[in-house]
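A quick write-up on the structure given underneath.
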Amino acid sequence: MVDFDEVQGYGRKFENQLAKLREASISDADRAAIIAFIQHEEAQGKVNTGTMVNHINRLRLAAERSDISLTEMQDKTAVDGLLFSLKHDHGLAEGTLRNYRKALRKFFRYRDRDWADDIKIGVSPERTVDPNDLLTDEEIEDLLEAASHPRDKALVSLIADTGLRIGAIASLRIHDVDLTNRAGTVSINEEANVKGATGTVPLTWSRGYVANWLDVHPRSDEEEAALFHKVRFVEDGEDGAMSYQYLGRRIKWIADEAGIDRDRVNTHNFRKTAISRWIREGLNEQAIKHRATWVKDSSQFEVYSGVRDEELNESILAHYDLVDEDEESSRPNLEACPQCRTPLRQHSRFCPGCGAPLTQGAAETVTDAEDDLFGDVSSGLNPGSRATIRELHTALQDDPGLRDLLLD
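Start counting the sequence shown at 1; every next residue gets the next number (UniProt numbering).
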């Protein structure tokens, strides 16, 4: 069984923070209160280990840097004084101060201070995504070419296709991947400490790379085995899982092999690139929030205003026929299908060999078309008509050429 706290590194970080708390130069009362708070939070079963690591760290530092012990603070004025000092004496940025406010508000709520809710977290610092900083399709193609092992190709393609955070990818198990349909899906491992991510997200062009890796995966017959597993032999009792830090370093090593600036291939840039691509493809806001595993009322979409401005400008130019014919740009320029190795035309939406969808738009078209066509097959039709519909459904699944002809 894989210990996903260890895959994320949170188990070790949690113990390190507890050790620092025990040795900190703070009052015994503060130390005991922080430990009691953390024990209470853990007992609720609702706070992941990563969040508790941050709470311990911020509360310990707050206690060390405050002129008044946390347990002796009688009103919000004392907290305001501490936050003022953290900003002006210690030079902390607004984003860091927000994390202190979060930890302090939860701590004082636990201690039944009626003024705890008056500690306002504040808005997130304004962030925007510059389209010029994103990975290009050519760079992703170069990474895939430089990745010599099927596992590395699966890693690069999966993070580029799905935009999942590297922690979520590191925590995937074999049974979290479903390749029974043409598009494929990945179910977030909610047992792991992933950042609020839940549910299932689709695979499009990465499906073939993931399938190829599973063909040679050392434990492909063990459903609980880590998807991204060590290639070398592992001893009995070793889970073979790879930490998210190692996966991030592996991607940078691949970037070195591809001659790409490793600073551009930080794992979060893959996520920003994927989300920006979905915006350009015209996915609606709720669909993007689903794929990005954001909550429905998330304000994260506003971070991508620059990308949306660019997409709107392109739409305006297209309206006046001032751009080349619109092409669906939703994947790297693959020369062959990742799944069956059939050669591909430059802008193929489906593989002509196995019928796998190669773009997000193609995958959604398949799902929508088949839902519309076959969803009501059992109602309102005579037996002969139902048989005809079933034959058409089978033909679409078995003949990729027919699928392309009907959908183009």
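By construction, the Cβ of each residue, glycine as well, lies at the ideal position given by its N, Cα and C atoms.
These numbers come from a predicted model, not from an experiment.
For residue i, the residue or residues it bridges with in DSSP
i	result
H229	A241
V186	V177, V201
8 Å Cβ cutoff met for residue i and residue j
i	j	result
D161	T204	yes
G240	A225	yes
G134	I251	Here residue 134 turns out to be Leu, not Gly, going by the sequence shown. Not in contact: L134 and I251 (Cβ atoms no closer than 8 Å).
V265	R151	no
S27	E64	no
A292	I275	yes
G122	R101	yes
A116	I254	no
I159	T267	yes
Spatial neighbours of residue i in its chain, beta-carbon cut-off 6 Å, leaving aside the 5 residues before and after
i	result
M242	F228
G184	L203, R207
V47	E41
W213	P150, R151, A154
Y209	K153, A154, S157, P338
Length of the line joining the Cα atoms of residue i and residue j
i	j	result
R60	L70	10 Å
R277	C337	20 Å
S157	D142	11 Å
L179	A211	7 Å
A19	N54	14 Å
K120	R113	14 Å
D215	Q17	41 Å
R31	M52	15 Å
T96	S220	42 Å
P131	R165	19 Å
Y244	A33	32 Å
E223	E238	15 Å
Within-8 Å CB hit, residue i to chain B
i	result
A62	Reference to chain B is not applicable here, since this structure consists of a single protein chain.
Same chain only: Cβ atoms within 7 Å of residue i, ignoring 5 sequence neighbours per side
i	result
Y110	F37, H40
N284	none
D256	R262
Proximal residues to residue i (C-beta, below 8 Å), its chain only, five neighbours per side dropped
i	result
N189	F4, A168, S171, L172, R173, D176
S85	R65, S66, D67
A62	L70, L82, L86, Y100, A103, L104
I260	E139, D142, L143
N269	D133, L134, L135
Residue i CB to nearest heavy atom of the ligand FMN below 7 Å
i	result
E64	Ligands displayed in this structure: none; no statement on the ligand FMN is therefore possible.
* Asked: Which ranges would you report for the alpha helix (DSSP H) in the stretch 127-177 if only whole runs of at least 4 residues count?
  -> 137-146, 150-162, 166-170
* To do: Quick one: which unbroken alpha helix (DSSP H) runs of 4-plus residues sit fully inside the stretch 9-97? Chain order, please.
  => 10-23, 28-44, 49-65, 76-88
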